[in-house]
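Engineer: Before anything else, here's the structure in question.
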Amino acid sequence: MKVLMFGWEFPPMNTGGLGTACYGLTKGLVQNGIGITLVLPQAATALHSSMAGLLKVRNASISKVKMRAVKSAMVAYMNPSDYEQYMLRMKGQKSIYGSNLFEEVERFAKQAAAIAREEDFDIIHAHDWMTYKAGLAAKRVSGKPLVVHVHATEFDRTGGLGANEHVSRIEKEGMEKADAVITVSGYTKQKIMENYGIPESKIKVVHNAIDKDDIPQIGQVDSGKNPNNRIKTVLYLGRITLQKGPDYFIAAAKKALEAEPNIKFVIAGSGDMEPRIIEQAAHLGIAHKVLFAGFLRDEEIHRAYRMADLYVLPSVSEPFGITPLEAVMNHTPALVSKQSGVTEVLKNCLQVDFWDVDQMANKMVAALRYKELHSELSRSSYEEASKMSWSKSAQKCIEVYGNVLGGLAHG
Amino acid sequence: MVSTCFYFQVHQPLRMRPYTVFEIGRHSGYFDEQKNREILDRVSNKCYLPANNIILELLDRHPEFRASYSLSGVALEQLMQHKPRVIDSFKELVDTGRVELLDETYHHSLSFVYSRPEFMEQVRLHSKLVRELFGKSPKVFRNTELIYNNEVAAVAEKMGYEGVLAEGADHILGWRSPNFVYKPVNTKKISLLLKNYRLSDDIAFRFSERSWKEWPLTAEKFADWVNKVNGNGNTVNLFMDYETFGEHQWPETGIFNFLKKLPEEILKHPDNDFATPSEVIKKHKPVAELNMPNILSWADVERDLSAWTGNKMQQSALQQIYSMEAGIKSSGDPELIEDWRRMQISDHYYYMCTKWFGDGDVHKYFNPYDSPYDGFIAFMNILADISERLKKAREANAIKEALNAALDSI
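Which chain is which? The protein sequence lines are U and C, in order. Residues in the first sequence are numbered consecutively from 1, following our numbering. Residues in the second sequence are numbered consecutively from 412, following our numbering.
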């Protein structure tokens with residue numbers, strides 16, 4: 001079976017979990033004998049890094065994927081105003097790109113149609129809204145079925161406030177016209193049934209996963225986990241945006257410090273809310289306890305997980321949330337909001353409603369204070385995540401492909 | 412001649428609130444009164460009251476019918492406070508003279524494993540409450556969750572009990588049958604009754620399981636299984652949680668009709684009758700001595716202590732609470748002692764169990780918390796608060812003593 005896949009970011013050029021998921025799934029599919037042509041929009045900045053660099057990713061099986069880059073200024077997690085700002089900075093090259101993000105999406109779709117005419121494939125697989133139009137264009141010219149993969153929706157990204165209608169319309173159209181919809185969690189499945197009216201029968205949940213061999217083998221880090229180290233570290237790692245709940249993290253940090261003054265909070269990542277979060281920490285008088293590590297990559301990320309005593313994902317709405325899996329694979333327990341899809345597959349973690357700052361702080365302190373809790377969580381969550389693999393998730397995708405193709409054959 | 416011996420366990424724990432680290436030192440209420448009351452109401456209405464009615468009917472209809480119960484002290488306390496009707500209906504049963512009450516630890520605790528003096532005190536507290544409420548002095552002892560070894564029998568004998576109950580799973584008994592009375596090693600008079608785990612679990616766990624080849628289980632079929640013991644046993648010991656009737660097995664499964672019909676079917680065989688544990692012991696001499704040096708229980712497939720002591724959180728929680736014993740008792744503060752004892756209720760440790768991926772489904776069903784970790788956090792925070800109270804009580808006592816000394820010298 002051959003798949004024409006539209007992604008929008010890929011390691012090492014990713015800025016978030018989507019790239020990680022796309023990489024993992026591609027690898028898992030190849031491991032299961034699926035042929036893949038992966039089409040990626042490539043931002044102007046990334047054009048300078050050679051394709052060879054893109055291909056030199058950790059897993060050999062990925063080299064079997066045929067990569068096709070489409071010149072585009074799209075970058076993952078862009079919203080329309082980001083795009084405009086970005087275009088201002090890129091003035092010199094403006095002529096080849098669309099003047100706004102939606103034009104860009106259309107332009108990408110046109111190029112996708114051209115690629116679909118050249119390539120040989122059985123099914124189309126498109127990841128998140130910016131590629132839906134491309135997926136639909138490929139479906140139109142090829143007549144092949146389309147599977148759209150929902151990693152996040154506009155409702156998650158905006159926390160339900162001020163959702164961009166244009167974006168949600170593209171999402172709805174993509175899901176409606178697709179032959180099947182894959183969501184990364186039951187949580188997201190429920191959301192798209194409620195917010196987009198997609199019938200349950202059309203949706204299949206394929207949870208994200210983690211592969212043990214993707215965790216870099218870095219040596220023991222001199223960390224706060226040393227029992228003699230009295231200062232404990234709590235880590236936030238992710239984009240600093242409304243969706244991820246960094247403001248609840250800071251509020252909980254303030255509260256936790258009242259009970260346990262020897263905690264250091266590290267925020268790794270960047271995003272539109274960063275200035276507000278710095279201000280909030282200062283306003284609460286805990287600026288000296290909160291360190292901003294900036295955007296981390298590759299090994300730095302895993303080093304950060306290892307150094308931390310506790311990883312926190314306080315998301316307001318998280319379709320999946322792959323970072324807790326990365327944390328526990330680095331032997332660091334996780335505290336995750338109940339509004340996160342990952343809790344469907346990672347049972348051995350602490351959980352809390354994102355808005356329940358008291359319990360969030362309580363569980364932070366408990367995880368640092370009670371060493372049996374810490375060790376039991378570390379051990380059992382590592383064990384649980386070790387059983388996961390992208391190959392297993394890919395098998396579920398292949399089942400969806402089979403159902404779609406079988407349905408067409410019989411329909 | 413085969414006697415069917417029913418023993419039902421009645422217990423409701425005091426579930427903790429999600430007590431936070433910020434409440435340590437504030438001594439706010441430890442237990443979720445609303446949730447505990449809701450569950451007590453539900454179980455009373457779904458199980459205790461309707462099941463007691465059926466038992467009473469059965470006692471009326473069949474002069475041969477017998478049953479026995481053990482009600483934990485913490486369950487009795489909650490019932491006295493919120494559901495006195497349930498207490499009255501148990502009194503009615505006991506007053507027939509054909510329903511026996513057994514003793515256990517008042518706080519349904521694991522104290523036998525961790526502190527002998529504390530264990531004996533809790534058993535005495537239970538015995539006292541049963542005497543006050545029902546006017547009876549139990550003669551047979553069952554330990555929390557049927558936790559048992561040779562030592563339990565020896566201590567129970569020393570405390571004056573004539574019989575003791577234990578689990579009778581195959582891997583413990585080997586070739587021996589649970590359908591006889593045994594004598595524990597190194598004891599003189601006390602008799603040991605073993606749970607017929609297959610027949611007991613057919614009712615308690617498998618009754619509504621549609622994938623079970625014997626489903627649906629009828630009273631006729633079950634009576635036939637009991638009859639088969641005739642000729643190679645004296646007693647069929649059916650030991651189970653009373654909540655089996657109407658709570659674990661919902662009324663829709665037909666469990667109440669099964670209970671209503673069972674005595675009649677069993678009594679169709681002229682050689683069958685019913686007996687309470689004390690009657691079984693009186694009627695039958697022990698057939699052999701039984702040596703059980705290792706602790707066993709009736710929980711999970713392992714039938715050991717791992718449901719309460721299997722992981723580091725549980726071990727640490729238990730180690731810490733029992734290490735406080737001397738300090739707590741010397742404080743002389745009855746409220747502090749009582750709260751410390753309430754934190755010994757075995758359910759608190761059961762909720763911290765992490766062996767979820769197997770027979771763990773049962774654990775999840777009974778767990779009022781989202782995860783074992785949440786149960787541990789609440790427990791440790793409450794224990795820290797108890798420690799603070801203890802510290803204050805000690806300081807107050809020290810001041811009192813100093814004052815008295817000063818007054819004496821004047």
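Beta carbons: idealized from backbone N, C-alpha and C, even for Gly. Bear in mind the structure is a predicted one, so any value in this text is a computation, not a measurement.
Specify the secondary structure class of ALA44/U as computed by DSSP and reduced to three states.
Structural biologist: Since pLDDT at ALA44/U reaches only 30, below the 50 mark, its modelled position is unreliable, and no value is offered.
Engineer: What are the residues of the stretch 603–632 of chain C that lie near chain U, defined by any Cβ-Cβ distance shorter than 8 Å?
Structural biologist: Flagged: no residues at all.
Engineer: Going along the chain, which residues of the stretch 370–384 of chain U sit with their C-beta nearer than 9 Å to a C-beta in chain C?
Structural biologist: Listed by position, the residues of the stretch 370–384 of chain U near chain C (Cβ gap below 9 Å) are TYR370, LYS371, GLU372, LEU373, SER375, GLU376, LEU377, ARG379, SER380 and GLU384.
Engineer: Using only the alpha-carbon positions, how far apart do MET360/U and ASP353/U sit?
Structural biologist: Cα to Cα, MET360/U sits roughly 8 Å from ASP353/U.
Engineer: By the criterion of Cβ-Cβ separation under 8 Å, what are the contact partners of ASP358/U in chain C?
Structural biologist: Those are THR431 and PHE433, listed as they occur along chain C.
Engineer: Skipping 5 residues on each side, what residues in its chain have a beta carbon closer than 6 Å to that of ALA109/U?
Structural biologist: Excluding residues within five positions, the ones whose Cβ falls inside 6 Å are LYS133, ALA134 and ALA137.
Engineer: Please decide whether ARG262/U counts as near chain C, where near means a Cβ-Cβ distance under 8 Å.
Structural biologist: In the sequence under discussion, the amino acid at residue 262/U is Asn, which differs from the Arg named in the question. Not one chain C Cβ lies under 8 Å of ASN262/U.
Engineer: Please give me, in chain order, every unbroken run of the alpha helix (DSSP H) with length at least 4 that falls completely inside the stretch 173–257 of chain U.
Structural biologist: You should have 186–196.
Engineer: Would the stretch 401–408 of chain U and the stretch 461–479 of chain C be scored as touching if the rule is three or more Cβ pairs under 8 Å?
Structural biologist: Contact between the stretch 401–408 of chain U and the stretch 461–479 of chain C is absent, because fewer than three Cβ pairs lie under 8 Å.
Engineer: So, is ARG753/C buried or exposed, given that buried needs 16 or more other C-beta atoms within 10 angstroms?
Structural biologist: Buried, by the Cβ-count rule.
Engineer: Examine chain C for any beta-carbon lying closer than 8 Å to the beta-carbon of ALA416/U, and answer yes or no.
Structural biologist: As displayed, chain U neither begins before 1 nor continues past 411, which places residue 416/U out of reach and without an answer.
Engineer: Would you call the stretch 708–728 of chain C and the stretch 533–540 of chain C touching, i.e. three or more CB-CB distances under 8 Å?
Structural biologist: Not touching, per the Cβ criterion.
Engineer: Report yes if the C-beta distance between ALA366/U and MET791/C is below 8 Å; otherwise report no.
Structural biologist: Result yes, Cβ atoms of ALA366/U and MET791/C sit closer than 8 Å.
Engineer: Under a three-way DSSP split, which group does PHE121/U fall into?
Structural biologist: In this structure, PHE121/U counts as coil in the three-state DSSP scheme.
Engineer: Excluding sequence positions up to five away, which residues of its chain have a Cβ less than 8 Å from the Cβ of LEU451/C?
Structural biologist: GLN423, GLN489, LEU490, HIS493 and LYS494.
Engineer: Under 8 Å between C-beta atoms, does ALA252/U make it to chain C?
Structural biologist: Closer than 8 Å: no.
Engineer: If you compare alpha carbons, which of LEU513/C, SER798/C, HIS759/C and LEU487/C is closest to ILE435/C?
Structural biologist: Checked all of LEU513/C, SER798/C, HIS759/C and LEU487/C; the closest Cα to ILE435/C is SER798/C.
Engineer: Using the C-alpha atoms, what's the distance from GLU625/C back to THR131/U?
Structural biologist: Each residue's alpha carbon lies about 55 Å from the other.
Engineer: Starting from ILE263/U, follow the beta strand (DSSP E) in both directions and report where the run begins and ends.
Structural biologist: Segment 263–268, the beta strand (DSSP E) holding ILE263/U.
Engineer: For the stretch 160–179 of chain U and the stretch 207–220 of chain U, state whether three or more C-beta atom pairs, one from each stretch, are separated by less than 8 Å.
Structural biologist: In short, these stretches do not touch, since the Cβ pair count stays below three.
Engineer: Can you tell me which of TYR653/C, THR598/C, PRO474/C and VAL637/C puts its alpha carbon nearest to the alpha carbon of SER483/C?
Structural biologist: Ranking the options by Cα distance to SER483/C, first place goes to TYR653/C.
Engineer: I need the boundaries of the beta strand (DSSP E) containing ARG68/U, first residue and last residue.
Structural biologist: From DSSP, the beta strand (DSSP E) with ARG68/U extends over 66–71.
Engineer: Return the first residue and the last residue of the alpha helix (DSSP H) that VAL413/C is part of.
Structural biologist: Here VAL413/C belongs to no alpha helix (DSSP H); instead the beta strand (DSSP E) covers 413–421.
Engineer: Quick one: which chain U residues come within Cβ less than 7 Å of TYR784/C?
Structural biologist: Residues of chain U passing the Cβ test: LEU350, LEU373 and LEU377.
Engineer: For HIS283/U, is the classification buried or exposed, using 16 other Cβ atoms within 10 angstroms of its Cβ as the cut-off for buried?
Structural biologist: Exposed, since its Cβ has fewer than 16 Cβ neighbours within 10 Å.
Engineer: Residue range of the beta strand (DSSP E) that GLN574/C falls in?
Structural biologist: Before going further, note that residue 574/C is Gly rather than Gln in the sequence given. Run containing GLY574/C: 574–577, per the beta strand (DSSP E) assignment.
Engineer: Taking the alpha-carbon positions, what's the SER741/C to GLU318/U distance?
Structural biologist: Taking the straight line from one Cα to the other gives about 52 Å.
Engineer: Counting contacts by CB-CB distance shorter than 8 Å, is LYS232/U in contact with chain C?
Structural biologist: Output row for LYS232/U: interface = no.
Engineer: Taking C-beta pairs closer than 7 Å, name the residues in chain C that LYS363/U reaches, listed in chain order.
Structural biologist: Correct list: ILE788.
Engineer: Mapping DSSP to helix, strand and coil, what is ILE739/C?
Structural biologist: It is helical.
Engineer: Between the stretch 541–561 of chain C and the stretch 618–634 of chain C, do three or more beta carbon pairs fall short of 8 Å?
Structural biologist: Flag = no, the stretch 541–561 of chain C and the stretch 618–634 of chain C do not touch.
Engineer: Answer with yes or no whether the minimum CB distance from MET791/C to chain U is below 8 Å.
Structural biologist: Chain U, which has a Cβ nearer than 8 Å to the Cβ of MET791/C, makes this yes.
Engineer: Quick check on ILE240/U: buried or exposed, where buried means 16 or more other Cβ atoms within 10 Å of its Cβ?
Structural biologist: So ILE240/U counts as buried.
Engineer: Which runs of the alpha helix (DSSP H), 4 residues or longer, sit entirely within the stretch 616–663 of chain C?
Structural biologist: Those alpha helix (DSSP H) runs which fall completely within the stretch 616–663 of chain C and span 4+ residues are 630–638.
Engineer: Helix, strand or coil: how does DSSP classify MET491/C here?
Structural biologist: Helix at MET491/C.
Engineer: Please state whether DSSP places PRO528/C in a helix, a strand or coil.
Structural biologist: Of the three classes helix, strand and coil, the one that applies to PRO528/C here is helix, per DSSP.
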